[in-house]
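Okay, so the sequence shown: first residue is 300 according to the working numbering, each after it adds one. The C-beta atom is built at its ideal place from N, Cα and C for all residues, glycine as well.
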Amino acid sequence: MAFPDSMRLSQPSKNGVGQWLGFVFASLAFALPIVWFLSGASDAIINKMVRVMFVLFLLGVGQKAPRIYYKDKLVWLCTLLVLILVLGYIWQRFSLPKELFSGSSAREFIPAFCFFVVVTYGISVAPKASPFLLLITSGAGLLIHLSFEPADVWLTAWQGGRMDFGFGNPQHTGVIFSTALLAGIFFLPRVFSLPFRVCILALPMLVGLILLMIFGVITTQTRAIWLGLLFSAFILLLICAVILLTGRCSLRRSTLIQAATIGIGIFFAGSVMLYFMDGNFTRRLSEEKIEAATIKEMVQLETVPDTSVGVRIGLWVTTLEWIAERPAFGWGGVKVSKLIKQSPHFDEDFKKRYKDLHNSYLQTFVNVGGAALMCMIAIIFLVAWRTIMAWRREQMPTDVFLFSCTFFSFWVMVNIFNTYIITPAGFLLHAVIGSFVCSWHLRSQHDQAKLK
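So this is what it looks like as structure tokens:
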């Protein structure tokens with residue numbers, strides 16, 4: 300499988316301001332992930348990039364077919380989401396007690412759900428640059444970031460310590476490593492189609508990245524991540540079975556051999572790491588026993604939860620009361636800790652330790668209400684529909700389609716057990732993976748517009 304485009308950004312002419320702005324827009328879009336990694340997800344630097352890119356987006360920089368830009372349903376859904384959040388802020392401003400009002404912090408949901416559209420239009424400004432360049436800069440940024448980690452961090456991780464590798468906490472590290480692992484596995488076969496001189500350089504680097512990500516996924520010791528990867532593997536097998544049974548794609552012998560070799564290699568590498576590493580992995584899986592009677596007590600809030608599962612069940616049950624009180628526009632902001640402090644179901648020690656609901660969907664419902672949540676779901680379904688249609692029309696490569704489905708399955712699962720959507724890691728993954736997937740549809744729309 301060869302790359303669909305050349306990997307070069309087109310150079311602007313000397314006398315075109317619009318072309319220079321387009322070059323800046325595309326450069327910022329492709330550089331966003333590597334800047335995120337190198338800046339340590341610094342809000343100050345990333346916020347400046349986001350503002351500049353948003354202004355260039357509003358100006359329609361690089362869009363030779365404005366009707367695509369202004370009639371894009373995805374843009375209008377994002378606009379609707381912004382309006383709903385503004386209305387929700389106004390409602391909360393005048394209806395919530397002062398001690399529960401979180402100000403305009405609900406605006407964090409706007410970049411989380413909408414900024415990937417800006418990045419999509421940014422990378423589409425450079426039609427000669429492959430969307431894969433966005434993944435390449437992401438991988439480069441991740442590797443550079445990890446290269447600055449002290450040797451004792453890696454040694455501690457090898458000896459069974461649970462490390463975050465500079466990403467805030469192990470859960471956030473786990474989703475970044477898992478996404479890089481999925482991308483490395485799915486696009487490894489593409490390396491063999493590159494020229495020989497490029498292949499002998501790229502292949503060891505990509506294989507090394509995959510091995511490093513396997514190690515990272517193990518050492519972050521996050522059970523939701525492991526469950527998410529297993530679930531995504533099951534969905535992948537299901538999709539592949541449907542594709543083959545319907546005759547949508549034929550399976551070549553060489554492709555089957557490549558897939559089997561990669562799968563066996565990953566299983567072998569993971570097994571070797573588990574054998575030589577400390578036994579924290581197995582202890583992490585078996586340290587928490589769940590019994591029906593205990594779950595019943597947690598659901599009825601008869602005892603204060605003190606385990607990982609118990610904390611989640613207790614918070615989720617309590618969340619239903621908060622949602623029932625304000626179902627339309629929610630409680631505002633991201634400071635669910637204020638509601639937890641007001642709850643009579645938890646003791647003071649619990650209230651000090653837990654600040655969120657450990658579930659992205661429930662936390663979003665509590666924060667911004669059902670109206671905004673429905674709009675977010677509409678955005679997700681539109682992206683999913685465009686992905687399917689782009690693949691069916693052969694505008695998206697099959698490996699990109701399968702990667703998209705696998706990542707979506709993984710992301711849906713892990714967000715059940717933790718709040719990733721409005722975190723810096725969630726912002727990065729939405730911006731990179733969302734724009735990478737959506738860029739194939741947008742480029743096909745531009746191609747069709749040029750033919751008319």
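How is the alpha helix (DSSP H) around residue i delimited, first residue to last?
| i | result |
| --- | --- |
| Gln-520 | No alpha helix (DSSP H) holds Gln-520; DSSP gives it neither H nor E. |
| Asn-717 | Element bounds for Asn-717: n/a, residue is neither H nor E. |
| Gly-321 | 316 to 337 |
| Asn-292 | The requested residue 292 does not occur in the structure, where the chain is confined to residues 300 to 751. |
| Arg-350 | 342 to 357 |
| Ser-637 | Note that residue 637 is Lys in the sequence shown here, rather than Ser. 636 to 641 is the span of the alpha helix (DSSP H), which, as asked, contains Lys-637. |
| Ser-446 | 431 to 446 |
| Val-452 | 450 to 457 |
| Phe-726 | 723 to 728 |
Let me know the secondary structure DSSP gives residue i once reduced to three states.
| i | result |
| --- | --- |
| Ala-425 | coil |
| Val-474 | helix |
| His-740 | helix |
| Lys-288 | Look at the range of the chain in this structure, 300 to 751, and you will see that residue 288 is not part of it. |
| Asn-666 | helix |
| Met-675 | helix |
| Gly-733 | helix |
| Thr-618 | helix |
| Phe-495 | helix |
| Met-688 | helix |
| Asp-371 | coil |
| Gly-613 | helix |
| Trp-710 | helix |
| Ala-286 | Here the chain has residues from 300 to 751 only, and residue 286 is not among them. |
| Met-504 | helix |
| Pro-365 | Caution applies to Pro-365, whose pLDDT of 49 falls short of 50 and renders its modelled position unreliable; the value that the coordinates give is listed next. Reduced to three states, the DSSP call for Pro-365 is helix. |
| Trp-630 | coil |
Do you know whose CA, among the options, lies nearest residue i's CA?
| i | options | result |
| --- | --- | --- |
| Thr-518 | Ile-534, Gly-459, Pro-488 | Gly-459 |
| Leu-376 | Ile-679, Leu-543, Trp-525, Thr-705 | Ile-679 |
| Gly-317 | Ala-330, Gly-359, Phe-353 | Gly-359 |
| Ser-531 | Leu-701, Phe-322, Trp-335 | Leu-701 |
| Met-673 | Leu-357, Val-381, Val-334, Gly-402 | Val-381 |
| Val-736 | Ile-333, Ala-724, Ala-683 | Ala-683 |
| Tyr-719 | His-657, Gly-421, Phe-706 | His-657 |
| Arg-611 | Ala-523, Ile-687, Thr-697, Pro-488 | Ala-523 |
| Phe-708 | Leu-536, Leu-543, Ser-394, Trp-615 | The amino acid at residue 708 is misidentified as Phe; the sequence shows Ser. Nearest C-alpha to Ser-708: Leu-536. |
| Gln-694 | Ser-738, Pro-488, Ser-394 | Ser-738 |
| Lys-427 | Gly-629, Phe-628, Phe-322, Val-616 | Phe-322 |
| Val-424 | Arg-685, Ile-687, Met-352, Ile-563 | Met-352 |
| Ile-732 | Gln-391, Val-699, Gln-744, Val-713 | Val-699 |
| Leu-432 | Ala-328, Cys-539, Leu-638 | Ala-328 |
| Leu-614 | Ile-499, Asp-655, Phe-533 | Asp-655 |
| Val-635 | Thr-618, Glu-624, Phe-628, Ala-450 | Thr-618 |
| Leu-728 | Lys-370, Pro-410, Gly-515 | Pro-410 |
| Glu-407 | Met-712, Arg-496, Phe-726 | Phe-726 |
| Met-712 | Ile-389, Val-474, Trp-335 | Val-474 |
Expressed to the nearest angstrom, what Euclidean distance is found between the alpha-carbon atoms of residue i and residue j?
| i | j | result |
| --- | --- | --- |
| Ser-338 | Ile-721 | 18 Å |
| Trp-525 | Cys-704 | 17 Å |
| Gln-641 | Met-675 | 28 Å |
| Val-667 | Ser-404 | 10 Å |
| Pro-494 | Thr-545 | 34 Å |
| Leu-320 | Arg-691 | 34 Å |
| Phe-414 | Ile-509 | 28 Å |
| Leu-445 | Ala-730 | 21 Å |
| Ser-734 | Phe-324 | 14 Å |
| Pro-696 | Ala-689 | 9 Å |
| Ile-345 | Leu-543 | 43 Å |
| Gly-507 | Phe-485 | 15 Å |
| Thr-436 | Gly-483 | 13 Å |
| Ala-439 | Glu-448 | 15 Å |
| Ile-422 | Val-354 | 15 Å |
| Leu-357 | Val-452 | 43 Å |
| Ile-513 | Leu-481 | 10 Å |
| Ala-456 | Met-462 | 6 Å |
| Leu-741 | Leu-384 | 27 Å |
| Ser-492 | Ala-343 | 40 Å |
| Leu-681 | Val-374 | 11 Å |
| Met-504 | Gln-662 | 39 Å |
| Pro-626 | Ala-671 | 10 Å |
| Pro-723 | Val-418 | 16 Å |
| Leu-502 | Arg-350 | 37 Å |
| Leu-511 | Gln-470 | 17 Å |
| Phe-393 | Phe-664 | 19 Å |
| Ala-330 | Phe-476 | 19 Å |
| Thr-472 | Phe-464 | 7 Å |
| Trp-621 | Thr-521 | 28 Å |
| Phe-628 | Tyr-388 | 8 Å |
| Gly-564 | Val-334 | 32 Å |
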